[in-house]
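The structure appears right after this line, and notes come after that.
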Amino acid sequence: MLDSAGLRQPTAVYAHGFLTVNGVKMSKSRGTFILAETYLQHLDPEFIRYYFAAKLSAGVDDIDLNLDDFVQRVNADLIGKVVNIASRCAGFLRKGFDNQMSATCAEPALVQSFIDAGEDIAALYEGREFNRAMREVIALADRANQYIDDKKPWVMAKDESQSAEVQAVCSVGINLFRALATYLKPVLPAMASKAEAFLQTSLDWTALDRPLEAHQLAPFEPLLQRVDAEVVAAMVEASKSGA
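The number in this note's numbering is simply the position in the sequence shown, starting from 1, with 2 added.
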């Protein structure tokens, strides 16, 4: 069919190992025989997409869905590190600058280093080393958060004479978040769509060639909600009963 349609035929079949839950084979009595339908009744599919991507490699390896680790990793990585950059920078830009980014980028070398990282991350995606790609993205998120923590815009905001510096720092933060959201778009398409609406720009990988300057943002809306351990527990109970 592919040949008759003029489409490229596959050159390999990609497969992975078994999926275990909390380190053991799936069991309905333990509530670890989790159907996709049951998961979707309780949790955002973006969460499991990220968790699996953070574990998948090019090899045929087993994957374990450890539910405690699942809650911790999604909340720490996606909410605490990635989304947090956008939410706190957007707050300052909304309050003091009507969602307007600074006219020039205050840290062009830093932003460019994030843009340049895209080549290696793309190669990891192409090589199906998704876990390594996620590690690279989260390492960048750590750098972005460290930059904001070092600059402390929440301290500068108390001094009106440092207003321009607050706008500059938060604009750099938004540009760093834009790169992170672009690199996560293949794994988190729904979050990326919301990020595009907030950033008022496409997260097309090929469009990430320079920082946003004098750019108008939309009002920030939550991109992801934290995973609630009680909701995960409810999913486990539903899995036991087959609900």
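By construction, the Cβ of each residue, glycine as well, lies at the ideal position given by its N, Cα and C atoms.
Would you check if the region 75-83 and the region 23-32 touch, i.e. whether three or more CB-CB distances between them fall below 8 Å?
Segments in contact, no.
When the Cα atoms are used, what is the spatial distance from Lys242 to Phe35?
Near 8 Å, if we compare the C-alpha coordinates of Phe35 and Lys242.
Using three-state DSSP, classify Thr1 as helix, strand or coil.
One cannot answer for residue 1 here, as it falls past the ends of the chain, which runs 3 to 245.
Looking at C-beta atoms only, is the number of pairs between the region 9-22 and the region 56-63 that lie closer than 8 Å three or more?
As far as the Cβ criterion goes, the region 9-22 touches the region 56-63, which means the pair count is three or higher.
Have a look at Leu226 and Phe72 and give me their C-alpha separation to the nearest angstrom.
Computed Cα separation, rounded: 15 Å.
Would you call the region 201-210 and the region 174-192 touching, i.e. three or more CB-CB distances under 8 Å?
Touching, yes.
Considering Asp66, what are the terminal residues of the beta strand (DSSP E) in which it resides?
Here the beta strand (DSSP E) through Asp66 covers 65-67.
Provide the residue span of the alpha helix (DSSP H) that contains Thr106, from first to last.
Counting along the chain, Thr106 falls outside any alpha helix (DSSP H), and DSSP gives it neither H nor E.
Since Leu67 contacts Leu37 with CB under 8 Å, what's their CB separation in whole angstroms?
At roughly 13 Å, the Cβ-Cβ gap does not stay under 8 Å, so Leu67 and Leu37 are not in contact.
To the nearest angstrom, how far is the alpha carbon of Val189 from that of Ala56?
The straight-line gap from Cα to Cα measures roughly 10 Å.
Tell me which same chain residues have a C-beta within less than 6 Å of the C-beta of Cys91, skipping the five on either side of it?
Excluding sequence neighbours, Cys91 sits near Cys172, Gly175, Ile176.
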